[in-house]
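Asks: I'd like to ask some things about the structure below.
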Amino acid sequence: MTGLNPTNEQRSSGTAASALAIELVGINKHFGPVHANRDIHLAVRRGTVHGIVGENGAGKSTLMSILYGFYTADSGEIRVNGVPQKITDSRHALALGIGMVHQHFMLVDNFTVLENVVLGAEDSALLRPTLNRARDHLKQLARDYGLEVDPDAIIENLSVGQQQRVEILKALYRGAETLILDEPTGVLTPAEADHLFRILGKLREEGKTIILITHKLREIMAITDEVSVMRQGAMVKTLQTKDTSPGELAELMVGRRVLLRVEKGPANPGKVLLDVKNLIVTDDFKVPRVKNISFQVRAGEIVGIAGVAGNGQSELLESIAGMRDQLGGTISVNDKVLSLEGDDGAARARAAGLAHVPEDRLRMGLVTNFMAWENAILGYQGSYGEGLGLDIGKARSTAEDYLKKFDVRPANLDLKSSNFSGGNQQKIVLAREMERDPDVLIVGQPTRGVDIGAIEFIHNQIIKMRDAGKAILLVSVELDEIRSLSDRILVLFDGHLVGEADPATADETELGLLMTGSHSDQVITEPGTLPAHETPMQQTLVEMSPKDNSGRDTN
Amino acid sequence: MESYLVDITLILDSTVRLAVPLILACMAGLYSERAGIVDIGLEGKLLAGAFAAAAMSAVTGSAWLGLLAGIAAAMMFSGIHGLASITLKGNQTISGVALNFLAAGLTTFLGQSWFKRGGYTPQLSGDQRFNPITLPFANELREVPILGQIYYELISGHNIITYFAFIVVPVTAWVLFRTRFGLRLRAVGENPKAIDTAGISVTRLRFQALVITAVLVGIGGAYLSIAQSAGFNNNMSAGRGYIALAALIFAKWRPGPALLVCLMFGFLDAVQFRIQGQSFPIIGEVPVQAIQALPYVLTVILLAGFIGRAVAPKAAGIPYTKER
Amino acid sequence: MTPLPRWADVVLLPLLNVVLAFLVGGLIVLAVGQNPLQAVGIMLYGAFGYGSGFGYTLYYTTDFIFAGLAVSLAYHAGLFNIGPEGQAYVAGLGVILIGLALNGMHWALVFPLMIVAGALFGGAWAFVPGYLQAKRGSHIVITTILFNFIATAMMGFLISRVLKPEGVNSDESAPLEAITRVPQLRTFIELFKNSPVNLTFFLAIAALFFVYWLIWRTKFGYAVRALGHNPVAANYAGISNQKLIMIVMAMSGMLAAMVAVNNVGGVQGRLILNFVNGAGFVGIAVAFMGKGHPVGVGLSALLFGILYQGGQELAFQMPGITREMIVTIQALVILFTGAMGDMLRAPLSRLLTRPDATTGAK
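Protein chains in written order, with UniProt numbering: chain A, 1 to 555; chain B, 1 to 324; chain C, 1 to 362.
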């Protein structure tokens with residue numbers, strides 16, 4: 001398959017058209033009742049890095065999936081190099097020189113790099129000639145763009161950063177002239193992200209066009225030439241990056257002045273309610289993710305854990321909540337050490353006075369097939385009714401109370417939970433976990449995929465809990481959220497706590513550096529937590545991991 | 001010594017005969033499961049193939065037309081399987097179970113309606129069956145000790161489907177690991193999204209796999225009724241589809257090991273007739289049922305992870321839907 | 001696509017699927033040159049037309065209720081138990097052992113003990129796949145299939161080599177005395193003369209109510225449903241998934257075991273080879289057709305009872321049709337209500353929401 005090289009392609013009209021690699025005109029897309037893209041216009045100039053920013057659910061990924069042929073638009077026109085095209089499927093998009101690097105990699109884990117690269121772009125019915133040619137081609141791409149990956153490595157043995165490089169190679173191998181990257185840095189370590197940006201820079205130098213989807217304004221400012229802002233399915237504005245500022249972009253994204261600080265009084269910390277000591281936790285593949293962490297949360301304070309996604313936050317939360325076995329260390333709630341026996345630790349954690357708003361409500365926090373009232377007692381089902389029986393009347397009246405207090409719409413007890421919007425689902429979870437009067441509340445990504453109106457409500461509820469003397473542990477990848485809610489910030493990087501900061505005085509750059517591990521050695525931190533990666537524990541961890549995960553356990 | 005050799009050769013010979021339907025069904029299942037479709041329905045497809053082959057052969061007098069009918073019947077069953085589990089994204093296991101009952105019910109019902117022999121098809125003979133082929137020089141070499149005997153008894157004297165089955169295995173390995181189709185097949189069973197985003201139709205690829213499955217298992221069914229036996233009888237697959245599935249799991253979805261496991265299961269089948277009523281030193285008499293249960297017990301032990309781990313293709317059992 | 005109204009989802013759609021299955025079955029009968037309507041008539045007569053026929057219908061229904069509930073209960077926990085056939089078979093061993101041990105005693109004493117012994121054996125036979133699923137990650141579908149075959153071999157050996165008394169030719173255990181057997185209803189009700197329906201039938205009805213209560217009215221049932229819909233959420237809710245999987249499988253096996261009480265304790269009075277005779281597999285069709293709800297299971301079990309008994313009659317009256325047609329219907333029911341159950345959802349949704357659009361959505 002040959003990519004369409006714009007230099008040797010016949011183009012219809014003048015220079016204005018030829019300067020544009022991609023043009024989207026009046027794109028509309030519905031998913032059932034959801035209008036995911038409304039009348040989108042977008043022009044991307046050749047040889048530039050074009051950023052697309054917007055909140056979660058703004059329609060960025062949908063738009064790019066349409067351009068890539070993964071979805072078909074309900075209406076509108078796509079012009080590639082000035083020529084209108086009906087892109088019917090991904091293969092067609094690839095043939096037009098459009099490649100995409102998805103947020104979740106589209107790789108076959110037990111294939112080699114080489115096999116993944118040629119998959120779907122084989123030259124002939126037999127593999128060998130294709131593989132040989134691809135091997136040479138990869139060498140050349142590695143030279144040209146700094147995309148070194150061992151072609152014979154198995155994907156599941158590669159680090160996330162390397163896997164992403166394979167995705168880029170896949171696109172380039174297919175002759176992509178325009179490369180779409182969907183939230184590429186979400187799972188990368190800072191070093192990997194830097195490497196990625198260097199690669200993108202090289203690609204731009206070589207005349208490739210890059211569309212970068214992200215919600216991180218820092219990245220937009222750093223690498224893009226132009227930036228388009230999307231909000232609620234619509235395209236708000238396209239700007240020259242050099243003429244704009246993060247503040248302006250944030251305002252355009254949200255549609256009003258962003259409330260950067262939540263109204264809250266000073267914290268009034270009391271006794272220690274959550275005490276985590278020397279915690280070590282592994283993920284499902286027995287790879288250590290939390291590496292000897294100790295911290296405490298006191299009554300009446302919110303402790304925020306800041307960090308780039310994938311640095312051990314999920315495992316930390318799940319372990320404290322009793323859902324995940326730990327390899328070492330103790331967790332005490334209310335001076336009571338939680339036992340680790342069996343796979344029903346979550347019940348014991350709740351009994352000890354801990355409530356848990358999980359990171360991913362659909363996967364964990366709700367049974368989407370259950371009706372609202374059934375989900376309103378999830379985790380507390382044991383306390384509804386005597387003996388074996390379930391007291392449905394009591395459950396329903398409790399649920400009714402929750403829905404009213406948290407203004408869940410529609411307030412219909414018998415509606416299946418999957419039929420509520422994201423914000424309302426989250427409110428059901430929050431109501432359930434907050435209204436039981438727990439001593440300790442752990443909250444993961446409280447506002448992920450939640451509309452703006454609900455965010456403010458949720459933040460205020462969390463503050464209220466704090467003022468009522470609860471110990472709150474907040475984990476979020478949104479630094480703004482951490483900074484505006486927390487009374488203390490702990491920074492998690494690579495499974496270690498690498499620093500503590502006071503949100504009132506913390507410098508954003510400094511925090512960013514901590515989160516990305518770039519500074520860890522110079523920073524003064526809580527005694528005993530650093531330098532953790534130099535303790536003997538680190539040695540053990542490396543020996544314990546089942547195979548060489550040197551790349552993996554650092555992301 | 002001589003008689004032991006003859007004994008062993010005879011047991012190995014029947015091992016081969018008994019292993020053939022397992023090999024074909026196992027390879028059939030391999031294509032389907034590697035493409036991400038769990039095929040509990042192998043048993044039903046095998047049975048349907050056996051019935052259709054015998055019925056067609058009885059009516060037309062041609063074994064070859066019988067073979068085609070066997071394939072066609074398996075194809076129809078695969079079509080239903082695909083419709084339910086690929087097109088309609090239904091549960092692959094449930095549709096497989098349904099196919100097994102469908103075959104059990106339909107073959108007996110149609111057999112009785114058409115032939116009125118209590119579900120049996122008429123006895124087949126001559127060209128209505130696939131008969132043993134004597135390989136060149138087999139008769140001449142028969143008297144040569146050991147090698148000649150092995151050639152005559154073990155290698156020569158099988159029907160054409162038997163030879164076909166032994167060719168299918170290396171061909172499958174080659175297709176799977178050396179061709180574009182094989183690469184895509186393995187990919188769609190591991191991560192269909194990778195296939196979809198590469199611009200290849202997951203639906204088409206999975207249907208292609210099901211077609212190959214149908215061809216192989218249909219031939220396997222035909223072997224049962226018009227090569228190994230001389231006609232169809234009720235439930236003549238007798239769990240071989242399930243054994244093939246067990247063999248596939250045992251072989252961890254790889255063609256070469258699958259052949260060995262099928263031969264091993266065929267061997268167990270072959271010896272159970274020989275050891276009936278015989279007493280062995282130390283262990284005494286081994287009940288036939290113990291040998292019959294052995295393949296299943298071994299597979300359970302394997303599945304329990306006590307001897308290695310059987311990891312199925314990652315996407316097996318999950319209908320593919322584009323998600324938002 | 002707009003979701004279906006609740007009544008359509010719960011009643012109309014399953015009903016349409018069943019109708020579709022029977023329509024296709026009718027077409028197959030038509031294709032071999034027989035009259036499907038005449039066949040239905042004969043079947044209904046065979047099932048209800050006379051006392052012993054009705055008795056047989058209820059006897060089959062008893063088996064199918066237990067097997068259907070066994071599959072349903074496991075399915076609520078997200079487990080597809082294909083093994084009730086083997087579980088019932090092994091349970092037969094427990095039933096006959098207690099029966100023979102207490103042979104000659106009054107049934108009022110032995111019947112409850114048969115239930116307990118059968119449940120122990122059947123439950124244990126299902127517990128092992130449950131254990132392997134929970135602790136070792138072996139897929140329940142495959143292991144329960146394998147356990148069916150292992151049960152066949154094991155029971156075949158035990159019956160023909162261990163339980164068979166000296167001087168008996170056929171492969172079967174010694175018989176229970178009449179007073180020890182579960183009494184058949186014909187001893188109380190004249191209508192059921194010559195039919196095997198026995199007291200176990202009422203046990204089946206009780207089991208329907210019990211399973212309903214268990215699934216929808218207890219904390220245990222809540223946990224089972226949570227596990228079935230979303231195992232991660234169940235773990236989050238402090239439910240021990242492993243424990244629950246093992247308990248549910250054991251209970252599923254216990255329900256299947258009651259098929260043995262019906263047949264070994266009530267009908268045969270002895271342990272014979274392959275006495276389950278496919279009832280366990282019919283349970284799969286019954287469970288899917290009944291959508292796992294005891295009301296649905298009861299009705300589908302009755303329908304299959306009618307089919308099995310009516311099919312017997314059919315085989316007499318219309319030689320062109322064998323009883324295996326029922327197995328075909330069973331397959332079509334599993335196919336249309338289980339595997340392709342959502343086929344009609346989209347068209348039905350369009351059909352039902354169109355008038356809504358004009359009258360205003362509710």
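Cβ atoms here follow ideal geometry from the backbone N, Cα and C, with glycine treated the same way.
(1) Is there a Cβ of chain A sitting closer than 8 Å to that of ALA310 of chain B, yes or no?
(2) Scan the region 124 to 143 of chain A for residues whose Cβ lies nearer than 8 Å to a Cβ of chain B and list them as they occur along the chain.
(3) Looking at the unbroken beta strand (DSSP E) that takes in GLY328 of chain A, where does it start and where does it end?
(4) Any beta carbon of chain B sitting closer than 8 Å to that of GLU115 of chain A?
(5) Would you list the one or two residues that DSSP bridges to VAL25 of chain A?
(6) How close, in whole Å, do the beta carbons of LEU279 of chain A and SER319 of chain A come, if the pair is a contact with beta carbons under 8 Å?
(7) Does the distance from the C-beta atom of GLY70 of chain B to that of GLY218 of chain B stay below 8 Å?
(8) Leaving out five residues on either side along the sequence, give the residues of the same chain with a beta carbon under 7 Å from the beta carbon of LEU12 of chain B.
(9) On a Cα-Cα basis, can you pick out the residue from A:GLU115, A:HIS50, A:PHE420 and A:GLY512 that is closest to ALA198 of chain B?
(10) Give the range of the alpha helix (DSSP H) segment to which LEU175 of chain B is assigned.
(11) Is there a Cβ of chain A sitting closer than 8 Å to that of GLY199 of chain B, yes or no?
(12) Check whether chain C comes within 8 Å of PRO151 of chain A, counting only Cβ atoms and requiring the distance to be less than that.
(13) Using a Cβ-Cβ cut-off of less than 7 Å, list which residues of the region 163 to 178 of chain B approach chain A; keep chain order.
(14) Check the Cβ of ASP269 of chain B against every Cβ in chain A and list those closer than 8 Å, keeping chain order.
(15) Leaving out five residues on either side along the sequence, give the residues of the same chain with a beta carbon under 6 Å from the beta carbon of PRO527 of chain A.
(16) Ignore the nearest five residues each way along the sequence and tell me which others in PHE458 of chain A's own chain have a CB closer than 6 Å to its CB.
(17) When you compare the CB of GLN381 of chain A with every CB in chain C, is at least one pair closer than 8 Å?
(18) Three Cβ pairs or more, each shorter than 8 Å: is that satisfied between the region 300 to 310 of chain C and the region 42 to 50 of chain C?
(19) Report the option in A:ARG324, A:LEU119 and A:LYS286 whose CA atom is closest to the CA atom of TYR236 of chain C.
(20) Measuring only the C-alpha atoms, how far is SER160 of chain C from ALA151 of chain C?
(21) Using a cut-off of 9 Å between C-beta atoms, extract the partners of PHE232 of chain B located in chain C.
(22) Would you call the CB atoms of LEU294 of chain B and LEU132 of chain C closer than 8 Å?
(23) Just to confirm, are ALA209 of chain B and TYR31 of chain B a CB contact at a threshold of 8 Å?
(24) What is the rounded straight-line gap between the Cα of GLU190 of chain B and the Cα of GLY422 of chain A?
(25) Counting pairs of Cβ atoms below 8 Å between the region 205 to 216 of chain A and the region 177 to 192 of chain A, do you hit three or more?
(26) Mind checking GLU285 of chain B: buried by the 16 CB within 10 Å criterion, or exposed?
(27) Starting from the N-terminal side, write out each stretch of the alpha helix (DSSP H) that is 4 residues or longer and does not extend beyond the region 173 to 245 of chain C.
(28) Taking just the CA atoms, how far does ILE247 of chain C sit from ILE239 of chain C?
(29) By a C-beta neighbour count over all protein chains shown, 10 Å radius and 16 as the cutoff for buried, is ALA532 of chain A buried or exposed?
(30) I'd like the list of long-range same chain contacts for ARG181 of chain C, defined as Cβ closer than 7 Å, with 5 residues on each side in sequence excluded.
(31) Tell me whether SER418 of chain A sits in a helix, a strand or coil according to DSSP, three-state version.
(32) If you draw a straight line from the C-alpha of ILE37 of chain B to the C-alpha of ALA306 of chain A, how long is it?
(33) Check whether the region 232 to 243 of chain B touches the region 107 to 122 of chain B, counting contact only when three or more Cβ pairs, one atom from each stretch, lie closer than 8 Å.
(34) Against chain A, does ALA47 of chain C count as a neighbour if the rule is that its beta carbon must be under 8 Å from one of theirs?
(35) Using DSSP with H/G/I as helix, E/B as strand and the rest coil, what is HIS76 of chain C?
(36) So VAL118 of chain A and ILE168 of chain A are in contact, right, with Cβ under 8 Å, and what is the actual spacing, rounded?
Replies: From the atom records:
(1) Locating residue 310 of chain B in the second sequence gives position 310, where the first residue counts as 1. It does not: the Cβ of ALA310 of chain B has no partner Cβ on chain A nearer than 8 Å.
(2) SER124, ALA125, LEU126, LEU127, ARG128 and THR130
(3) Working through the first sequence from its first residue, we reach residue 328 of chain A at position 328. Looking at the DSSP string, the run of the beta strand (DSSP E) that includes GLY328 of chain A is 326 to 333.
(4) For this step, residue 115 of chain A is matched to residue 115 along the first sequence. Answer yes: the Cβ-Cβ gap between GLU115 of chain A and chain B drops below 8 Å somewhere.
(5) Here residue 25 of chain A refers to the residue found at position 25 of the first sequence. Beta-bridge pairing links VAL25 of chain A to A:GLU77.
(6) As a working note, residue 279 of chain A is residue 279 in the first sequence. As a working note, residue 319 of chain A is residue 319 in the first sequence. With a Cβ gap of about 7 Å, LEU279 of chain A and SER319 of chain A count as contacting.
(7) As a working mapping, residue 70 of chain B is identified with position 70 in the second sequence. As a working mapping, residue 218 of chain B is identified with position 218 in the second sequence. Yes, Cβ-Cβ distance for GLY70 of chain B and GLY218 of chain B is below 8 Å.
(8) The residue given as residue 12 of chain B occupies position 12 in the second sequence. Correct list, in chain order: LEU154.
(9) Taking the first residue of the second sequence as 1, we reach residue 198 of chain B at position 198. The shortest Cα separation from ALA198 of chain B among A:GLU115, A:HIS50, A:PHE420 and A:GLY512 belongs to A:GLU115.
(10) Here residue 175 of chain B is taken as the residue at index 175 of the second sequence, counted from 1. Rather than Leu, the amino acid found at residue 175 of chain B in this sequence is Val. 160 to 178 is the span of the alpha helix (DSSP H), which, as asked, contains VAL175 of chain B.
(11) Position 199 of the second sequence, counted from the first residue, corresponds to residue 199 of chain B. For GLY199 of chain B, the answer is yes, since a Cβ of chain A falls inside 8 Å of its Cβ.
(12) Reading the first sequence from its first residue, position 151 is the one you call residue 151 of chain A. Cβ-Cβ to chain C under 8 Å: no for PRO151 of chain A.
(13) ARG178
(14) What you label residue 269 of chain B is simply residue 269 of the second sequence in a count that begins at 1. The contacting residues do not exist; ASP269 of chain B stays about 33 Å from chain A at best.
(15) Walking along the first sequence from the start, residue 527 of chain A turns up at place 527. Any answer about PRO527 of chain A is weak, because its pLDDT of 38 lies below 50 and its placement is not dependable; what the coordinates show is given next. Closer than 6 Å at the Cβ level, and outside the excluded window around PRO527 of chain A, lies no residue.
(16) Locating residue 458 of chain A in the first sequence gives position 458, where the first residue counts as 1. The question names Phe, but residue 458 of chain A in the sequence shown is Ile. Result list for ILE458 of chain A: PRO446 and THR447, in chain order.
(17) Within the first sequence, residue 381 of chain A is the residue found at index 381, counting from 1. Output row for GLN381 of chain A: interface = yes.
(18) yes
(19) The residue given as residue 236 of chain C occupies position 236 in the third sequence. It is A:ARG324.
(20) Indexing the third sequence from 1 puts residue 160 of chain C at position 160. Indexing the third sequence from 1 puts residue 151 of chain C at position 151. Taking the straight line joining both Cα atoms gives about 14 Å.
(21) Looking up residue 232 of chain B in the second sequence gives position 232. Result: empty, since nearest Cβ-Cβ is about 13 Å, beyond 9 Å.
(22) Residue numbering aside, residue 294 of chain B sits at position 294 when the second sequence is read from its first letter. Residue numbering aside, residue 132 of chain C sits at position 132 when the third sequence is read from its first letter. It is not a contact, given that the beta carbons lie outside the stated cut-off.
(23) One-based indexing of the second sequence puts residue 209 of chain B at position 209. One-based indexing of the second sequence puts residue 31 of chain B at position 31. Closer than 8 Å, so yes.
(24) The residue labelled residue 190 of chain B in the question sits at position 190 within the second sequence. The residue labelled residue 422 of chain A in the question sits at position 422 within the first sequence. Roughly 30 Å between the two C-alpha positions.
(25) yes
(26) The residue you call residue 285 of chain B lines up with position 285 of the second sequence. Its Cβ having fewer than 16 others within 10 Å, GLU285 of chain B is exposed.
(27) 200 to 217, 219 to 229 and 231 to 236
(28) In the third sequence, the residue the question calls residue 239 of chain C occupies position 239. In the third sequence, the residue the question calls residue 247 of chain C occupies position 247. Distance between the alpha carbons of ILE239 of chain C and ILE247 of chain C is about 13 Å.
(29) Your numbering for residue 532 of chain A matches position 532 in the first sequence. Per-residue confidence for ALA532 of chain A stands at a pLDDT of 36, beneath the threshold of 50, marking its modelled position as unreliable; the derived number appears in the next sentence. By the neighbour-count rule (16 or more Cβ atoms within 10 Å), ALA532 of chain A is buried.
(30) Position 181 of the third sequence, counting from 1, holds the residue named residue 181 of chain C. Cβ within range, chain order: TRP107, GLY265, GLY266 and GLY269.
(31) In the first sequence, residue 418 of chain A corresponds to position 418, counting from 1. In this structure, SER418 of chain A counts as helix in the three-state DSSP scheme.
(32) As a first step, residue 37 of chain B must be located in the second sequence, where it is residue number 37. As a first step, residue 306 of chain A must be located in the first sequence, where it is residue number 306. C-alpha separation (whole angstroms): 42 Å.
(33) yes
(34) The residue given as residue 47 of chain C occupies position 47 in the third sequence. Closer than 8 Å: no.
(35) Translated into positions along the third sequence, residue 76 of chain C becomes position 76. Three-state result, HIS76 of chain C: helix.
(36) The residue given as residue 118 of chain A occupies position 118 in the first sequence. The residue given as residue 168 of chain A occupies position 168 in the first sequence. Not confirmed; about 15 Å, so no contact.
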